[in-house]
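> Position in the sequence shown counted from 1, then plus 2, gives you this note's numbering.
Positions of the beta carbon are idealized from the N, C-alpha and C atoms, including for glycine.
All figures in this text were calculated on a predicted structure; none of them were measured in a lab.
First, the structure itself, so that you have it in front of you.
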Amino acid sequence: VQLQASGGGLVQPGGSLRLSCAASESIVMGWYRQAPGKQRDLVAAIGDGSRITYAESAKGRFTISRDNAKNTVYLQMNSLKTEDTAVYYCSADRVWFKVVGGLSDYWGQGTLVTVSS
């Protein structure tokens, strides 16, 4: 499975960004992020059906969705904060618990999100 993430950039606090991750097939997908000096943490994950999960830090501000026709997952990020600054990674696997547990077999290259005034 090949993953291609895009959409990162520089945004001011309170702004929005949408990340995209295109996969070569439709499977469970998730977004992780890693800030400098910190571990990589789950942001959100989405399965084939309606199964979705969010990290507490993402609830109410971020929305994960997918377009199965395009095998693409999106992460809409609103009300961004400086603490959201990180490299965001797309991950994918055929098994739900592997994605949410950080054990995905497949990872994208990462896209940098910088929230700064």
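1) Classify Phe64: buried if its beta carbon has 16 or more other beta carbons within 10 angstroms, exposed otherwise.
2) Bridge partners of Trp33, per DSSP?
3) Judging by CA-CA distance, which residue of Tyr108, Leu19, Val115 is the nearest neighbour of Met31?
4) With burial defined as no fewer than 16 other Cβ atoms inside 10 Å of the residue's Cβ, what is the status of Ser81: buried or exposed?
5) Any heavy atom of the ligand FMN closer than 8 Å to the CB of Gly103?
6) What would DSSP say about Gln84, mapped onto helix, strand or coil?
7) Looking at C-alpha atoms only, which residue of Gln6, Val89, Val117 is the closest neighbour of Pro38?
8) Near Tyr56, what residues of its chain come up, given a Cβ to Cβ distance below 7 Å and the 5 sequence neighbours on each side ignored?
Short version:
1) Here residue 64 refers to the residue found at position 62 when the sequence shown is read from its first residue. Buried is the call here.
2) What you label residue 33 is simply residue 31 of the sequence shown in a count that begins at 1. Paired residues: Ala46, Cys92.
3) Translated into positions along the sequence shown, residue 31 becomes position 29. Of the candidates Tyr108, Leu19, Val115, the one whose C-alpha sits nearest the C-alpha of Met31 is Tyr108.
4) The residue labelled residue 81 in the question sits at position 79 within the sequence shown. Ser81 should be labelled exposed.
5) Absence of the ligand FMN from the depicted structure is noted, as is the absence of any ligand whatsoever, leaving it without description.
6) Here residue 84 refers to the residue found at position 82 when the sequence shown is read from its first residue. Going by the sequence as given, residue 84 is Thr instead of Gln. Three-state DSSP puts Thr84 in a helix.
7) Along the sequence shown, read from residue 1 onward, the residue named residue 38 stands at position 36. The shortest Cα separation from Pro38 among Gln6, Val89, Val117 belongs to Val89.
8) Taking the sequence shown and counting its residues from 1, one reaches residue 56 at position 54. Only Ala46, Phe64 meet the Cβ criterion.
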